[in-house]
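A.B. asks: Protein chains in written order, with numbering that gives the first Met the number 0: chain A, 0 to 575; chain B, 0 to 182. First the structure, which I've put down as structure tokens, then a few questions once you've had a look.
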Amino acid sequence: MDTLTKTVGEKQIEKQSMAGSEAVIRSLLAEGVETVFGYPGGAIMPVYDSLWHFQEELKHILTRHEQGAIHAAQGMARVTNKPGVVFATSGPGATNLITGLADAKIDSTPLVCITGQVASPLLGTDAFQETDIISISMPVTKWNTQVTKAEDIPSAIAKAFYIATSGRPGPVLIDITKDAQFASLDFSYKKCNGFRSYVPKPALDHDEVEKAARLIDSAKKPFILFGQGIILSEAENELKAFVEKTGIPAAWTVLGLSAMPTDHPLNVGMLGMHGNYAPNKLTNECDVLIAVGMRFDDRVTGDLSRYAKQAKVVHLEIDPAEIDKNVKTDIAILGDAKESLQLLTSLCSENNHDDWVQKFHDLKAIEYDQVIQKELNPDKPGLTMGEVIRRVNGLTDSEAVVVTDVGQHQMVACRYATFKQTKSNVTSGGLGTMGFCLPAALGAKLGAPERAVVAVIGDGGFQMTLQELGTIFQTNAAVKIIILNNNFLGMVRQWQQLFFDKRYSSTELVNPDFVTISKGFGIEASSVSERQYLDAALKTMMDHDGPYLLEVMVEKEDNVFPMVPTGASVEDVRLS
Amino acid sequence: MKETFTIVVFTENKIGLLNRISAQFTQRHINIESLTASESEYPGIHRFTIVINEDEEKTRKVVKQIEKQVEVLKAYCFKDSETVHSEIALYKIKMDPSLDRPKLDNVLITHGAFVQEQVGSFMIIAKTGTKEETHQLFEDLYPFGLQGFVRSGRVSLSNTMSTFKTYLQALETHSKEIITDNF
């Protein structure tokens, strides 16, 4: 790759003449891209033709659906912190990216999507496979643009990579007309490192950090909430240093999970609707709330009018639009989490809050007795989702990347999976996209081939993108797929039970034989429904050389607790 | 409490930005009362003037979301007391023999309006002023057999020194250190 980048560099001087389609490939190589996920079609055929000549340098993963391609790119981006790259054709190819774009936008995942478009003279004529993807994708991209001239391709791609990865990351889309792909240009590539209107990283205000440090030093019951901002700015060590110096307990959002080892003594668990008892309860008892790289999503805060009203709020955030959006801030520290935390830690005094931390432990003991013990070590015959996750932790020594879909299994996995390494939890947090897991797990495995990647999926979500078993088979990516099968859309059923008088409207699934399906795709599979065989089944899956699918039949009508019902306050978190 | 806000947005001159800006209002279910776009006093920079009727907190949040768009340079919001603002309205009157011209001229003088053009059997009257003023003229011209009426969106300038110029200079100083590609 280095040699090639250099070659591209040398050719910059020559200003080599080439087709727009080749310029697309060379631009991606200049950005250090090694893998592209995609699906060919009429309007992007010139790019695919150029790709043919670069098969050694740029690996293309042919998914079975464009939604699979974009979720796979997201999975890769989440474990590497590098932008995922997607190709799709015009019309339906492009519109199939929309769910993934929306998912990446709300979860701040860097993506560069390149779509083909009908030739520019046909724009606006309702040509075959023409769709106005620029307008359609506008609200779900950080930036998008249409390129109609070959000579604009390198600079558009350079700008796209810069925007996707800088500041608060996000997805971008470049729509390139077919005539621009065919036309020739004098290629040279300059990476973008800024442009006038865009300030990705606000300058750190030392006075505000100083004020925050004084407030934190004077606090009796301070509490840290951290989110994905830690992972995106690679501030894991800075967070750890801050927590350890100040002795402040820290809790995480779903996307912040794995930014701090789960067994760290000051890691007090998960926030929000199905988070842990102590961090939810004590949010309304702390005196200073320090939020780092998180956005006070409604699933975290519950009823805002009863959220941490007693506390002074310090918000460390890169995106100015997040300040005061949901929770009124007393001190806003705008900037990159890594730099902000470094300075803040240096200005805070060493401290400990043992009595306050003990309160978290006391409440954790209550949650353990009433919820966790029963979930992880059940005495009833049916398997629980939690005990499956507990065994996965053991088998992988908490070193795996755990990829989840959306619903009960997701909340259980986030609650009980244990992590030693960062960038290990890949899930659709903000958008809650069913069907995310399987392709995202494929992308995660290709992005982190040396790591074990375990996909934990519900029986509902699995069937939304199960065609990607084909891609997993073709790439032989050793993804370990666990379907937690309760023959229900479990989370919706839980809500129906609790809030709709058990009217299970369209949530019961009559499922196909997942083992046969998997084997039909050439992927080894088995099913387990009894506790005595669970360990062996999981071990067989993990030890298998290559991808493997394990269906685990779990209790049909289990519920996920604790729970902060919609509209309730975090302090009203229910244990049953 | 809802009140009138004038949002002024300075942007790069790029296709699709109008869509990106207006989408911020749509997503939050805010109705745009008027919107005008034009070149600004700075070459290559466009200026949008958007009027909404909303509460202050919601307005300030939407302004931040607009400013977050990568090709937006800066967005401001002003209360009516902080701006000088105006609209232009055109009125079409049929000049038939029954028209009481002296009475009409009197109305125009009172309102500071004028006949911009006479085309065939019609005259076009123009008036600049606030929405209330142009609306009052509409009421007063109605009895004369008004045939057409159109009002522009608001244009406005703040009644304090512009901070945008300083901001733009700072951005441009900073931009010299970065590669600027004009895509």
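Even glycine gets a Cβ: it sits at the ideal position worked out from N, Cα and C. Model, not experiment: these values are computed from the prediction.
Who are the near neighbours of A/I322 in its chain, counting only those whose CB is closer than 8 Å to its CB and skipping five residues on each side?
C.D. replies: Answer for A/I322: H314, E316, T328, A331, L333, listed in chain order.
A.B. asks: Straight-line CA distance for A/T2 to A/D396?
C.D. replies: Only weak support exists for where A/T2 lies, its pLDDT of 39 falling under 50; the value from the coordinates is given anyway. Whole-angstrom Cα-Cα distance: 38 Å.
A.B. asks: Which residues, in chain order, does the region 179–206 of chain A contribute to contact with chain B at a C-beta distance below 7 Å?
C.D. replies: Listed by position, the residues of the region 179–206 of chain A near chain B (Cβ gap below 7 Å) are K189, C191, N192, G193, F194, R195, S196, Y197.
A.B. asks: Could you give the residue range of the beta strand (DSSP E) that holds A/G83?
C.D. replies: First-last of the beta strand (DSSP E) with A/G83: 83–87.
A.B. asks: Within 8 Å, do at least three Cβ pairs link the region 183–197 of chain A to the region 214–221 of chain A?
C.D. replies: Too few Cβ pairs lie closer than 8 Å, so no.
A.B. asks: Going by DSSP, name the residue or residues bridged to A/G268.
C.D. replies: DSSP, once it has assigned bridges, lists A/A250 as partnering A/G268.
A.B. asks: Residues of the region 17–39 of chain B in Cβ contact with chain A at a cutoff of 7 Å, in chain order, please.
C.D. replies: Residues N18, R19, A22, Q26.
A.B. asks: Give the residues of chain A in contact with B/E70, contact being defined as C-beta atoms less than 7 Å apart.
C.D. replies: Those are S196, listed as they occur along chain A.
A.B. asks: So with Cβ pairs under 7 Å, would you call B/Q168 a contact of chain A?
C.D. replies: Taking Cβ atoms only, chain A never reaches closer than 7 Å to B/Q168, which makes this a no.
A.B. asks: Quick one: does B/E55 have its CB under 7 Å from some CB of chain A?
C.D. replies: No, B/E55 does not count as interfacial toward chain A.
A.B. asks: For B/T10, which beta-bridge partners are listed by DSSP?
C.D. replies: Answer is B/H45, B/V71.
A.B. asks: Taking Cβ to Cβ, would you say A/A68 is nearer than 7 Å to A/V85?
C.D. replies: Yes, the pair counts as a contact, with Cβ atoms nearer than the cut-off.
A.B. asks: What does the Cβ neighbour count give for A/R502, buried or exposed, with the cut at 16 atoms within 10 Å?
C.D. replies: Looking at its Cβ environment, which holds fewer than 16 other Cβ atoms inside 10 Å, A/R502 is exposed.
A.B. asks: Buried or exposed: B/I14, going by 16 or more other Cβ atoms within 10 Å of its Cβ?
C.D. replies: Looking at its Cβ environment, which holds fewer than 16 other Cβ atoms inside 10 Å, B/I14 is exposed.
A.B. asks: Just to make sure I have the definition right: I need the residues of chain B whose C-beta is within less than 9 Å of the C-beta of A/P319. Which are they?
C.D. replies: Near A/P319 (Cβ distances below 9 Å), the residues of chain B are K63, E66, K67.
A.B. asks: Relative to chain B, which residues along the region 150–165 of chain A have a C-beta separation below 7 Å, given in chain order?
C.D. replies: If the cut-off is 7 Å between Cβ atoms, the region 150–165 of chain A has D151, S154, A155, A157, K158, I162 near chain B.
A.B. asks: Does DSSP put A/K14 in a helix, in a strand, or in coil?
C.D. replies: If DSSP states are grouped into helix, strand and coil, A/K14 belongs with coil.
A.B. asks: So what does DSSP say about A/K141, is it helix, strand or coil?
C.D. replies: Residue state, collapsed to three classes: coil.
A.B. asks: Quick one: which chain B residues come within Cβ less than 7 Å of A/I133?
C.D. replies: Residues of chain B passing the Cβ test: G15.
A.B. asks: Rounded to whole angstroms, what is the Cα-Cα separation between A/G385 and A/R414?
C.D. replies: Distance between the alpha carbons of A/G385 and A/R414 is about 9 Å.
A.B. asks: To the nearest whole angstrom, what separates the beta carbons of B/Q146 and B/F121, a pair I think is in contact under 8 Å?
C.D. replies: Confirmed, Cβ separation roughly 7 Å.
A.B. asks: Note the first and the last residue of the continuous alpha helix (DSSP H) segment covering A/S154.
C.D. replies: Note, A/S154: alpha helix (DSSP H), 152–164.
A.B. asks: Name the chain A residues whose beta carbon is nearer than 8 Å to that of B/K164?
C.D. replies: Within 8 Å Cβ-Cβ: nothing; B/K164 doesn't reach chain A, min ~14 Å.
A.B. asks: Rounding to the nearest angstrom, what Cα-Cα distance links A/P561 and A/L574 in this structure?
C.D. replies: Between A/P561 and A/L574, the C-alpha separation is close to 5 Å.
A.B. asks: Please list, in chain order, all residues of the same chain as A/A451 whose beta carbon is under 6 Å from its beta carbon, the five residues on each side excluded.
C.D. replies: Taken in chain order, the residues that qualify are T395, A399.
A.B. asks: Give a yes or no on contact between the region 241–252 of chain A and the region 350–363 of chain A, applying the rule of three or more CB pairs nearer than 8 Å.
C.D. replies: As far as the Cβ criterion goes, the region 241–252 of chain A touches the region 350–363 of chain A, which means the pair count is three or higher.
A.B. asks: If distances are taken between C-alpha atoms only, which option among A/I480, A/V563, A/N558 comes closest to A/T551?
C.D. replies: Contrary to the premise, residue 551 of chain A reads as Val rather than Thr in this sequence. Selected option, being the one with the closest Cα: A/I480.
A.B. asks: Tell me which residue opens and which closes the beta strand (DSSP E) that A/G457 is part of.
C.D. replies: 452–457 is the span of the beta strand (DSSP E), which, as asked, contains A/G457.
A.B. asks: Return the residues of the region 135–146 of chain A that lie within a Cβ-Cβ distance of less than 9 Å from chain B, sorted by chain order.
C.D. replies: Listed by position, the residues of the region 135–146 of chain A near chain B (Cβ gap below 9 Å) are M137, P138, K141, W142, N143, T144, Q145, V146.
A.B. asks: Assign B/G119 to buried or exposed, taking buried as 16 or more other Cβ atoms, counted over all protein chains shown, within 10 Å of its Cβ.
C.D. replies: By the neighbour-count rule (16 or more Cβ atoms within 10 Å), B/G119 is not buried but exposed.
A.B. asks: Our contact map puts A/R305 next to B/L170 with C-beta atoms below 8 Å; I'd like the distance itself, whole angstroms only.
C.D. replies: Not really, about 41 Å apart at Cβ, beyond 8 Å.
A.B. asks: In chain A, which residues lie with their C-beta within 8 Å of the C-beta of B/E81?
C.D. replies: Per Cβ cutoff of 8 Å: no residues; B/E81 is ~21 Å from chain A at best.
A.B. asks: Restricting to Cα atoms, I'd like to know which of A/E235, A/V401, A/L270, A/M75 is closest to A/A454.
C.D. replies: Residue A/V401 is the option with its Cα nearest to A/A454.
A.B. asks: Got a sec, what are the start and stop residues for the alpha helix (DSSP H) A/K358 sits in?
C.D. replies: Its alpha helix (DSSP H) spans residues 353–366.
A.B. asks: Note down, in chain order, every chain B residue with its Cβ under 7 Å from the Cβ of A/K324.
C.D. replies: Simply K60.
A.B. asks: Determine whether the beta carbon atoms of A/T62 and A/A118 lie at a separation below 7 Å.
C.D. replies: Cβ distance not < 7 Å, so A/T62 and A/A118 don't count as in contact.
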